[in-house]
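Heads up: the sequence lines are chains A, B and C, in that order. If you use the working numbering, the first sequence corresponds to residues 51 to 260, in order. If you use the working numbering, the second sequence corresponds to residues 51 to 260, in order. If you use the working numbering, the third sequence corresponds to residues 245 to 522, in order. Glycine included, C-beta positions come from ideal geometry on N, C-alpha and C. Every value quoted in this text rests on a predicted model; they were computed, and no experiment measured them. Take a look at the structure below.
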Amino acid sequence: MDNYEQMRICEALLFASDRPLSSIALAEQVPEGSDIEAILQELQIKYQNCGVNLVEVAGKWMFQTAADLAFLLRKEEEKERKLSRAAIETLAIIAYHQPVTRAEIEEIRGVSVSKGTLDVLMEAVWVRSLSRRRTPGRPMTYGTTEDFLVHFGLNNVKDLPGLSELKAAGFLDNVNTSRLNLLDDDEPDEEQPDLPINDEEISSEDQAIV
Amino acid sequence: MDNYEQMRICEALLFASDRPLSSIALAEQVPEGSDIEAILQELQIKYQNCGVNLVEVAGKWMFQTAADLAFLLRKEEEKERKLSRAAIETLAIIAYHQPVTRAEIEEIRGVSVSKGTLDVLMEAVWVRSLSRRRTPGRPMTYGTTEDFLVHFGLNNVKDLPGLSELKAAGFLDNVNTSRLNLLDDDEPDEEQPDLPINDEEISSEDQAIV
Amino acid sequence: MKKGLENKIEEFEMPDPRITKMDDLDKEERLIVDIDGFEGPLDVLLTLSRTQKVDLKQISILDLVKQYLRFVTQATALRLELAADYLVMAAWLAYLKSRLLLPEEENEDEISAEELAARLTYQLERLNAIRERAAILMSRNQIGRDMFVRGTPEAVVVTRHHTYDLSMYDLLKAYAEHKTREAVADIHIFKRNVFTLDQAISRLSDMLGLALDWTNLEQFMPTDIEDQQLIKSIKASMFSASLEMAKVGKADLVQKQIFGPLFVRGRKQNYTKEDDNG
Chain A
51 MDNYEQMRIC EALLFASDRP LSSIALAEQV PEGSDIEAIL QELQIKYQNC GVNLVEVAGK
111 WMFQTAADLA FLLRKEEEKE RKLSRAAIET LAIIAYHQPV TRAEIEEIRG VSVSKGTLDV
171 LMEAVWVRSL SRRRTPGRPM TYGTTEDFLV HFGLNNVKDL PGLSELKAAG FLDNVNTSRL
231 NLLDDDEPDE EQPDLPINDE EISSEDQAIV
Chain B
51 MDNYEQMRIC EALLFASDRP LSSIALAEQV PEGSDIEAIL QELQIKYQNC GVNLVEVAGK
111 WMFQTAADLA FLLRKEEEKE RKLSRAAIET LAIIAYHQPV TRAEIEEIRG VSVSKGTLDV
171 LMEAVWVRSL SRRRTPGRPM TYGTTEDFLV HFGLNNVKDL PGLSELKAAG FLDNVNTSRL
231 NLLDDDEPDE EQPDLPINDE EISSEDQAIV
Chain C
245 MKKGLENKIE EFEMPDPRIT KMDDLDKEER LIVDIDGFEG PLDVLLTLSR TQKVDLKQIS
305 ILDLVKQYLR FVTQATALRL ELAADYLVMA AWLAYLKSRL LLPEEENEDE ISAEELAARL
365 TYQLERLNAI RERAAILMSR NQIGRDMFVR GTPEAVVVTR HHTYDLSMYD LLKAYAEHKT
425 REAVADIHIF KRNVFTLDQA ISRLSDMLGL ALDWTNLEQF MPTDIEDQQL IKSIKASMFS
485 ASLEMAKVGK ADLVQKQIFG PLFVRGRKQN YTKEDDNG
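In structure tokens form, the structure reads like this:
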């Protein structure tokens with residue numbers, strides 16, 4: 051099979067799908083030893099000036115309509131209109147601070163997260179629960195999903211706009227969630243990074259699942 | 051607007067449309083006086099040797115996977131299916147209460163579990179049989195698989211949100227508070243898989259799995 | 245434009261619709277406030293700080309505190325119900341204000357007023373920064389609004405791992421719904437093992453007869469109980485019993501520090517005034 055034929059296969063698969071496909075998944079469809087990255091690069095160049103472009107989102111590949119045609123194609127989307135100011139702000143906090151607990155979101159916004167905010171974001175499949183933090187109370191942490199990255203055209207959460215500036219300004223430092231923390235000078239102890247779960251407590255569980 | 055720009059617009063519209071578009075519908079999107087037929091012809095030629103082709107069906111236009119590559123696409127009956135409500139609920143109960151026997155699932159749900167429900171879940175490789183419980187009748191116990199964890203992006207079944215977290219996220223919104231208190235009383239039940247297993251019935255289970 | 249040239253540029257900025265300036269804007273800068281529009285005390289502070297028209301780092305915390313306290317007062321005057329969050333913040337800011345106004349005392353255990361003010365500024369800056377990011381994020385080209393994916397997708401072989409279309413949301417929703425139904429279907433109310441107030445009063449009055457001096461209430465607790473639930477219940481009931489007996493004049497209570505042990509002493513029948521100091 052020549053290179054052109056392999057490119058046609060990837061083109062057909064990517065064109066037919068409305069979800070991004072990983073290069074690994076695509077590689078399974080072309081003969082072994084094909085340079086899938088090179089094929090994808092070539093496809094991307096082929097489409098760069100067309101009405102549809104091949105883009106890399108969430109570490110995967112997808113065809114979508116060209117960004118500069120947005121003004122012609124724009125539609126007000128149901129999902130977005132439904133989002134409240136609180137939900138948008140919560141989404142941004144989850145995106146930039148992930149993994150983040152509910153208490154931390156409340157601390158940053160200075161107000162409790164109303165019921166329905168998180169489940170609206172989860173229903174939109176933009177937010178999901180991650181692992182539990184290994185601190186007292188074992189609170190659930192939240193993060194963004196692949197759908198979130200795809201929706202906003204990001205390859206990685208590291209590509210979030212202005213992330214490094216936030217970091218440099220110290221705004222992504224550990225959030226002290228003790229109530230009225232303004233008065234409290236204690237070192238926050240719940241902010242240890244999430245460790246991969248591997249303690250004995252759980253290991254029997256793990257094995258049961260394998 | 052030059053001809054190429056108009057071609058790009060048609061290309062994007064045809065790509066994003068959920069149904070074939072007539073040349074009249076397309077003509078409305080490009081400046082008046084454009085030769086829409088010529089644009090479509092040009093687009094058709096552009097795609098004729100690609101992985102996707104522009105085809106005219108019943109007087110309307112659409113992109114379609116090249117006939118020689120149709121083998122790449124799934125057949126109709128293999129499309130993603132929706133799980134029944136009973137199956138989703140059964141899956142959730144297995145996830146939260148594993149290892150759990152069929153009789154226990156029935157007791158929890160309050161209705162009998164049809165053979166088909168478990169089969170569907172096992173065929174999806176989300177549920178698997180664990181070992182037999184060492185109680186009269188030696189009933190089979192069920193639990194979730196690694197595929198289940200992968201699909202839902204969990205590290206561990208421990209990462210499933212508990213009742214209080216479901217409540218906080220708004221999932222249990224329509225329950226009144228007095229009932230919620232009762233639900234909370236049930237919580238130790240939820241945590242069952244989490245606790246160090248020390249009751250005889252379950253420890254035999256555990257050994258069998260490890 | 246009667247305010248003069250220096251304010252000219254600012255006049256063009258859209259006023260925050262949630263804060264409407266009253267009357268002719270006397271120096272007091274009075275505010276009418278729509279509480280519903282705000283998302284908590286930090287939101288109010290952030291909005292108020294904008295009226296200072298400077299970098300958040302350079303805002304006058306003292307002015308901000310005054311504005312916030314005025315906001316709370318006015319809201320209360322208008323009989324708007326303020327959530328506890330707003331009042332807690334008001335209390336804290338009043339404390340901060342007093343610290344900022346009074347000369348600082350040397351105290352190593354306490355955080356300096358400047359440090360407290362800096363922390364507040366940090367919180368405001370952090371919220372402001374995340375808001376800016378939220379706005380940037382939402383203004384990005386979005387799939388389904390600005391850019392579109394294939395309108396007639398076909399399932400491709402490479403998605404074979406996902407046989408069923410089921411999201412985490414669906415799964416959790418199903419479980420929550422099940423739990424909801426279960427709650428309606430069968431309600432088990434377990435009888436809790438409790439130590440009643442009557443039991444406690446009877447136990448305490450018996451034992452107070454034996455102990456003549458001040459005695460830690462803890463020492464009247466039964467020692468042979470292992471059930472943690474019951475121990476809690478006993479503590480609560482014994483505490484209530486001691487209050488009850490003090491109320492009816494059968495015992496005196498004293499507690500020397502917050503959260504310290506509670507001492508109890510039986511009152512003699514012929515009780516004199518000088519015993520009343522406890």
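Report yes if the CB atom of residue i is closer than 9 Å to the CB atom of residue j, and no otherwise.
{"i": "B/L222", "j": "B/L213", "result": "yes"}
{"i": "C/L461", "j": "C/F439", "result": "no"}
{"i": "A/M190", "j": "A/L180", "result": "yes"}
{"i": "B/D68", "j": "C/G388", "result": "no"}
{"i": "B/A218", "j": "A/K165", "result": "yes"}
{"i": "B/Y192", "j": "B/R152", "result": "yes"}
{"i": "A/L119", "j": "B/R58", "result": "yes"}
{"i": "C/V316", "j": "C/L331", "result": "yes"}
{"i": "C/L313", "j": "C/L368", "result": "no"}
{"i": "B/C60", "j": "B/I89", "result": "yes"}
{"i": "C/A418", "j": "B/E156", "result": "no"}
{"i": "C/E348", "j": "C/A361", "result": "no"}
{"i": "C/A485", "j": "C/A444", "result": "yes"}
{"i": "C/Q391", "j": "A/A117", "result": "Per the sequence shown, the amino acid found at residue 391 of chain C is Met instead of Gln. Closer than 9 Å, so yes."}
{"i": "C/F507", "j": "C/T467", "result": "no"}
{"i": "B/T194", "j": "B/Q148", "result": "yes"}
Helix, strand or coil for residue i? Go by DSSP, reduced to three states.
{"i": "C/A495", "result": "strand"}
{"i": "C/R394", "result": "coil"}
{"i": "B/N261", "result": "For chain B, the structure presents residues 51 to 260; residue 261 of chain B sits outside this window and is missing."}
{"i": "B/E106", "result": "strand"}
{"i": "B/M190", "result": "strand"}
{"i": "C/R425", "result": "helix"}
{"i": "C/G388", "result": "coil"}
{"i": "C/G284", "result": "coil"}
{"i": "C/F315", "result": "helix"}
{"i": "C/S356", "result": "coil"}
{"i": "B/T115", "result": "strand"}
{"i": "C/S484", "result": "helix"}
{"i": "B/S214", "result": "helix"}
{"i": "C/F507", "result": "strand"}
{"i": "C/L326", "result": "coil"}
{"i": "A/R178", "result": "strand"}
Please report the distance separating the alpha-carbon of residue i from that of residue j.
{"i": "A/R207", "j": "B/E55", "result": "Note on residue identity: the sequence assigns Val, not Arg, to residue 207 of chain A. Distance between the alpha carbons of A/V207 and B/E55 is about 33 Å."}
{"i": "C/L326", "j": "C/L289", "result": "15 Å"}
{"i": "B/L123", "j": "C/D329", "result": "56 Å"}
{"i": "C/K494", "j": "C/D471", "result": "30 Å"}
{"i": "A/G83", "j": "A/A77", "result": "9 Å"}
{"i": "C/L308", "j": "C/V393", "result": "48 Å"}
{"i": "B/P70", "j": "B/A108", "result": "9 Å"}
{"i": "C/L292", "j": "A/A142", "result": "23 Å"}
{"i": "C/W336", "j": "C/S342", "result": "10 Å"}
{"i": "A/I144", "j": "A/T167", "result": "12 Å"}
{"i": "B/Y146", "j": "A/D169", "result": "19 Å"}
{"i": "C/S446", "j": "C/K479", "result": "14 Å"}
{"i": "A/N53", "j": "B/V175", "result": "36 Å"}
{"i": "C/S411", "j": "B/L216", "result": "15 Å"}
{"i": "B/S228", "j": "C/F483", "result": "Its pLDDT being 42, under 50, B/S228 is placed unreliably in this model, and the value from its coordinates should be taken loosely. If I take the Cα positions, the gap works out to 27 Å."}
{"i": "C/R511", "j": "C/N437", "result": "31 Å"}
{"i": "C/V465", "j": "C/G504", "result": "Looking at the sequence provided, one finds Met at residue 465 of chain C rather than Val. Roughly 16 Å between the two C-alpha positions."}
{"i": "C/K476", "j": "C/D457", "result": "26 Å"}
{"i": "C/Q318", "j": "B/A75", "result": "59 Å"}
Given 8 Å as the limit, tell me if residue i has its C-beta closer than that to any heavy atom belonging to the ligand COA.
{"i": "A/Y54", "result": "What this structure holds is no ligand at all, so the ligand COA is not there to describe."}
Q: Could you tell me whether the region 134–141 of chain B touches the region 90–108 of chain B, where touching means 3 or more Cβ pairs closer than 8 Å?
A: With a cut-off of 8 Å on Cβ pairs, the region 134–141 of chain B is not in contact with the region 90–108 of chain B, counting fewer than three such pairs.
Q: Could you tell me whether the region 374–382 of chain C touches the region 296–316 of chain C, using the rule of 3 or more Cβ pairs below 8 Å?
A: Touching, no.
Q | Given 8 Å, three or more beta-carbon pairs between the region 160–167 of chain B and the region 192–200 of chain B | A | No, because fewer than three Cβ pairs between the region 160–167 of chain B and the region 192–200 of chain B fall closer than 8 Å, the two stretches do not touch.
Q: Just list the alpha helix (DSSP H) runs in the region 144–175 of chain B, keeping only unbroken ones of 4 residues or longer that don't cross its boundaries, in chain order.
A: DSSP runs (the alpha helix (DSSP H)) wholly in the region 144–175 of chain B: 152–159, 165–173.
Q.
In chain order, what are the residue ranges of uninterrupted alpha helix (DSSP H) at least 4 long that sit wholly in the region 53–111 of chain A?
A. Here the runs fully enclosed are 53–66, 73–77, 86–97.
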